[in-house]
Amino acid sequence: MDMEFSPEDLAFQQEVRQFIAENYPADLRDKQDEGEEMSKEDFLSWHKILYKKGWIAPAWPVEYGGTGWTPTQRFIWSEETARADCIRLMPFGLAMVGPVIYTFGTPEQKAHFLPRILSGEDWWCQGYSEPGSGSDLASLRTTAVADGDDYIVNGQKTWTTLAQHADWGFFLVRTDKEAKQQEGISFLLIDMKSPGITVRPIITLGGEHEVNEVWLEDVRVPQSQRVYEENKGWTCAKFLLAHERTGIAGVAASKRGIEKVKAIARTELDGDKPLLANAFFKRKVAELEVDLAALEFTELRSLAGPNANRGPGPESSLLKIKGSEIQQRLTELTLEAVGHYGAPYFRGFGEGDNEHPIGPDYAHRAAPTYFNMRKTTIYGGSNEIQRNIIAKMVLGL
Amino acid sequence: MDFTYTETQDMIRDTLARFLGDTYDFETRQKFTSSDTGRDPAIWTALAQELGMLGAPFAEEHGGLGGGALENAIVMEELGKVIGIEPYLPTVVIAGGALKAVGGTQADAMIPEIIAGNAIIGFAYAEPQGRYDLANLRTTAKKDGAGYVLNGHKSVVYAAPWATHLLVTARTGGNPRDRDGVSLFLIDANLPGIVRRDYPTVDGSRASEIYFENVAIPGDALLGGEGTGLPLIEQIVDEATVAVCAEATGVMQKLHEGTLEYTQQRKQFGVPIAKFQVLQHRMVDMFMEVEQARSMTIMGTLKLGLPANERMAAVSAAKAKVARGANFVGQNAIQTHGGIGITQELAIGHYFKRATMIEGQFGSHDYHMDRYERITLND
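Keeping their order, the protein sequence lines are chains A and B.
So the first sequence is numbered by our numbering: it starts at 1 and just counts up by one.
So the second sequence is numbered by our numbering: it starts at 398 and just counts up by one.
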């Protein structure tokens, strides 16, 4: 057991650092620094650079386009991209449906969809939740009825993140109404431009258009776009959720977030001293760092420990719970740190706008981010559901 | 980067777990901890001579198993699982750690004695006024010819009633809280002028108040430099701190498992109380604290070799987290057991008592958060 980087690891770290320094788009960096909302093109610009380099899917098996990196190299990669404030990659293709397709898909599905996920040609969205099916996901009511070689899909999905940009969606649908809840569900890939699909925005607390309602009315979907067997979609769904949960820990990003809060608290004054000298504020920062170290080493144990090659198991629920709690505390602390300037509602710069923004740059998105990040303990299976999973799968209750 | 144990480390864990499983069941422990001497010396001898376990962190040239801090952590975690009172921490981790650090003839002479099970060493560092400050010392060692004369009062020296030797911190110069002027001595426990008041501790062990009344000690009792001992003392106390984090992990795991088991047997309202979601979620929260204590112990252990400031920040982060976790898991184990949890009858209460003492040992949560902040957030 050790936490040393080998000479090869250190060389890799240098290579990654240099690559980011030379290739990260400057205009994207500017937009991020000013706290503006990101467009589809912004998200895709970094994606495409990494695709060209062959570094877009480190977690995938090499045969499907993965990098073949060791756990240490993947750790270095996430540290370095967070350190350099690289924009996050959309997880829907790379971390969600991609692994489902290469694990459960047909050769044709793999050949068609995986390269397009890697290149960024297809933007994916996730059709899981429904208005009546949140934590009780298996109660979903969207139906798919066989009609020749197709299904006819009807129903409503919600909380569909960035569906306004999506080319494709992966949907959980009910194909057998008589079976037990989990046993009548299938996993479908649906072209979002299909006739009968309507996407309507839901505006969240920070003012963002991030999530949507998706209506499906008599949408015709070829049965060849079903992944895995009919009525066995729940297997794919659970597999995907376990993958989603590990990514959700967000250790490297939270480390970077703490650095930023500290920088703010060194700038903001409290009396004649920096806010970071305030014993109460400082203690909250320190406790966050300590809790993040505990999360980091718990994640490292699962990535580079004895069970490293087993894939994510129910213990990934622990990473989701603690990771999301830390992300929320971080955004709360940031909002607290910026003081008065948490209040002005910054909506980005308009075309030709030469007004000065109100308050310091670092304050612009403090409140919207705090509001937005309340989602982390709700999505991906709420933290209460994660506790149910640990109770059942780990503790055997 | 690698978070797996070696085969030898797995073997140490398995061997010790099997031995303790056979010799250290709760009833047996209760019997010898409440006897006159408070221990069963045969266990210590067996750990040394049958298992070679007291050599875990020592070099093979001294007769050890060639390990280090990770091996200490493995042993401490297993001792935690049986709430063992064996003086492995002060003897092997602390005194052994000091001897390894200074090396030379003192190490050559004493380490084989430790490994053979012949030496038990109490760590006399705390004083009534000193709280967790290792330099806050009124005990003095005055130069007298080739040797020194010790005077002072040391608090709550665990294992001192059984000790053959004492590892003592004392001032050879400077004022009571100066960093300079602190020295470390390894002395015979039965020298004239050493007065002991022995007592049981709440967690099942034995300890002493120790009074040094003009105790003449030889010059070669000094470990390291005269007056420059504080960095060495800080280092061995950090090693001891992560070792009690490891012990805490074992204690917490048993508190959690015991609670899980109890809730599946205990019925109320016609069902096992484990069926209640409020208790399930509480036990999940306990589980997460156990896992994080394990992670932080590994983190602290792996960082013991870093430069002093980084080492101290890591150890303090670990101890702060483990102290909170031990508190949470201990209190919730008792609450979930209900009335039977607050009796002496079940093992669970005894695990809770040890967990509670570990919370404060070598510094409370607040102490370690302060130290962490002084190092990492001092602007």
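The beta-carbon is built from N, C-alpha and C at its ideal position, and this holds for glycine as well.
Note that the structure is predicted; figures quoted are calculated from it, not measured.
Chain-ordered chain A contacts of B/Lys718 [CB-CB under 8 Å]: The residue given as residue 718 of chain B occupies position 321 in the second sequence. Those are Val290, Asp291, Ala293, Ala294, listed as they occur along chain A.
Closer than 8 Å to chain A by CB, B/Thr646: Translated into positions along the second sequence, residue 646 of chain B becomes position 249. Output row for B/Thr646: interface = no.
Within-8 Å CB hit, A/Val62 to chain B: Locating residue 62 of chain A in the first sequence gives position 62, counting from the first residue. Not closer than 8 Å to any Cβ of chain B, the Cβ of A/Val62 fails to qualify, so no.
For A/Thr376 and A/Ser324, believed in contact at Cβ under 8 Å, the rounded distance: What you label residue 324 of chain A is simply residue 324 of the first sequence in a count that begins at 1. What you label residue 376 of chain A is simply residue 376 of the first sequence in a count that begins at 1. 4 Å between Cβ atoms; contact.
Test item: CB-CB of A/Tyr128 and A/Leu162 under 8 Å: Stepping through the first sequence from its first residue, residue 128 of chain A is reached at position 128. Stepping through the first sequence from its first residue, residue 162 of chain A is reached at position 162. No, they are not a contact pair.
Cβ separation of A/Tyr341 and A/Ala363, assumed to be a contact under 8 Å, to the nearest whole Å: In the first sequence, residue 341 of chain A corresponds to position 341, counting from 1. In the first sequence, residue 363 of chain A corresponds to position 363, counting from 1. Yes, A/Tyr341 and A/Ala363 are in contact; Cβ-Cβ is about 4 Å, under 8 Å.
C-beta contact flag for B/Asp600 and B/Arg751 at 8 Å: For the purposes of this step, residue 600 of chain B is taken as the residue at position 203 of the second sequence. For the purposes of this step, residue 751 of chain B is taken as the residue at position 354 of the second sequence. Yes, the pair counts as a contact, with Cβ atoms nearer than the cut-off.
Where the region 660-682 of chain B meets chain A: residues whose CB sits under 7 Å from a CB there: Ala671, Gln677, His678, Met680, Val681
Residue-chain proximity (B/Gln689, chain A), Cβ-Cβ < 8 Å: The residue given as residue 689 of chain B occupies position 292 in the second sequence. Yes, its Cβ sits closer than 8 Å to a Cβ of chain A.
Positions along the region 66-89 of chain A whose CB lies within less than 8 Å of some CB in chain B: Listed in sequence order: Pro71, Thr72, Phe75.
Identity of the residues DSSP links to A/Asn212 by a beta bridge: The residue you call residue 212 of chain A lines up with position 212 of the first sequence. DSSP, once it has assigned bridges, lists A/Pro201 as partnering A/Asn212.
Neighbour-count burial assignment, A/Glu63, 16 or more Cβ in a 10 Å radius: Within the first sequence, residue 63 of chain A is the residue found at index 63, counting from 1. Flag for A/Glu63 reads exposed.
Rounded Cβ spacing between B/Ile607 and B/Lys551 (contact assumed at less than 8 Å): Taking the second sequence and counting its residues from 1, the one referred to as residue 607 of chain B is at position 210. Taking the second sequence and counting its residues from 1, the one referred to as residue 551 of chain B is at position 154. With a Cβ gap of about 4 Å, B/Ile607 and B/Lys551 count as contacting.
Closer than 9 Å at the beta carbon, the chain E residues around B/Ala714: Although the question refers to chain E, the structure presented lacks it and instead comprises the protein chains A and B.
For A/Val227: DSSP bridge partner residues: Here residue 227 of chain A refers to the residue found at position 227 of the first sequence. Per DSSP, A/Phe187.
CA nearest to the CA of A/Asp30, picked from A/Gln18, A/Ala82, A/Cys86: Stepping through the first sequence from its first residue, residue 30 of chain A is reached at position 30. When only C-alpha atoms are compared, the closest one is A/Cys86.
Distance, A/Met96 Cα to A/Lys232 Cα: Position 232 of the first sequence, counted from the first residue, corresponds to residue 232 of chain A. Position 96 of the first sequence, counted from the first residue, corresponds to residue 96 of chain A. Annotation: A/Lys232 to A/Met96 spans about 17 Å, alpha carbon to alpha carbon.
Neighbourhood of B/Ala453 by C-beta, 8 Å cutoff - its chain only, sequence neighbours within 5 removed: Along the second sequence, one-based indexing puts residue 453 of chain B at 56. Same-chain partners within the cutoff: Ile409, Gly461, Leu462, Gly464, Glu468, Asn469, Ile471, Val472, Val489.
Continuous alpha helix (DSSP H) assignments of at least 4 residues falling wholly in the region 249-297 of chain A: 251-267
Identified DSSP bridge partners for B/Ile584: Numbered from its first residue, the second sequence carries residue 584 of chain B at position 187. Partner(s): B/Leu563.
Range of the contiguous beta strand (DSSP E) that encloses A/Cys86: Within the first sequence, numbered from 1, the residue matching residue 86 of chain A stands at position 86. For A/Cys86, there is no enclosing beta strand (DSSP E), as DSSP marks it with neither H nor E.
Validate contact between the region 684-698 of chain B and the region 635-646 of chain B using beta carbons, cut 8 Å, 3 pairs: yes
Residue environment, A/Met393, which counts as buried when at least 16 other CB atoms sit within 10 Å: Locating residue 393 of chain A in the first sequence gives position 393, where the first residue counts as 1. Exposed, since its Cβ has fewer than 16 Cβ neighbours within 10 Å.
Test item: CB-CB of B/Glu474 and B/Glu644 under 8 Å: Counting from 1 along the second sequence, the entry for residue 474 of chain B is found at position 77. Counting from 1 along the second sequence, the entry for residue 644 of chain B is found at position 247. Contact flag set, yes.
Close beta carbons around A/Thr198, own chain, < 6 Å, minus the five adjacent residues each side: Reading the first sequence from its first residue, position 198 is the one you call residue 198 of chain A. Only Trp215 meet the Cβ criterion.
8 Å Cβ shell around B/Gln446 - same chain, five flanking residues per side excluded: Here residue 446 of chain B refers to the residue found at position 49 of the second sequence. If we look at B/Gln446 and ignore the five residues flanking it on each side, its Cβ neighbours are Ala513, Gly514.
Residue closest to A/Pro368, alpha-carbon to alpha-carbon, out of A/Glu208, A/Ile185, A/Val221, A/Arg226: As a position in the first sequence, residue 368 of chain A is number 368, starting the count at 1. Looking at the Cα atoms, A/Glu208 is the closest of the given residues.
Neighbourhood of B/Gly549 by C-beta distance below 8 Å, restricted to the same chain and skipping five residues each side: Position 152 of the second sequence, counted from the first residue, corresponds to residue 549 of chain B. Around B/Gly549: Glu524, Leu534, Arg535, Thr536, Thr537, Ala567, Tyr608, Phe609.
Residue(s) in a DSSP beta bridge with B/Ala613: Counting from one through the second sequence, the residue named residue 613 of chain B turns up at place 216. B/Ala613 is bridged to B/Val546.
Beta strand (DSSP E) segment containing B/Val639, residue limits: Here the question's residue 639 of chain B lines up with position 242 in the second sequence. No beta strand (DSSP E) contains B/Val639, which is instead part of the alpha helix (DSSP H) from 627-662.
CB contact check: A/Arg301 to chain B, cutoff 8 Å: Mapped onto the first sequence, residue 301 of chain A falls at position 301. Yes, because at least one Cβ of chain B sits closer than 8 Å to the Cβ of A/Arg301.
Distance between beta carbons of B/Ala586 and B/Leu564, contact taken as under 8 Å: Your numbering for residue 564 of chain B matches position 167 in the second sequence. Your numbering for residue 586 of chain B matches position 189 in the second sequence. Not really, about 10 Å apart at Cβ, beyond 8 Å.
Proximal residues to B/Ala543 (C-beta, below 6 Å), its chain only, five neighbours per side dropped: As a first step, residue 543 of chain B is located in the second sequence; it is residue number 146 there, counting from the start. Taken in chain order, the residues that qualify are Gly616.
Sub-8 Å separation of A/Phe187 and A/Gln126 beta-carbons: Start at 1 with the first residue of the first sequence, and residue 187 of chain A comes out as number 187. Start at 1 with the first residue of the first sequence, and residue 126 of chain A comes out as number 126. Result no, Cβ atoms of A/Phe187 and A/Gln126 do not sit closer than 8 Å.
Bridge-paired residues (DSSP) for A/Tyr151: Within the first sequence, numbered from 1, the residue matching residue 151 of chain A stands at position 151. Beta-bridge pairing links A/Tyr151 to A/Ala146, A/Val221.
Where B/Tyr596 falls, given that 16 or more other Cβ within 10 Å makes a residue buried: On the second sequence, position 199 is the one that residue 596 of chain B refers to. Exposed, because fewer than 16 other Cβ atoms sit within 10 Å of the Cβ of B/Tyr596.
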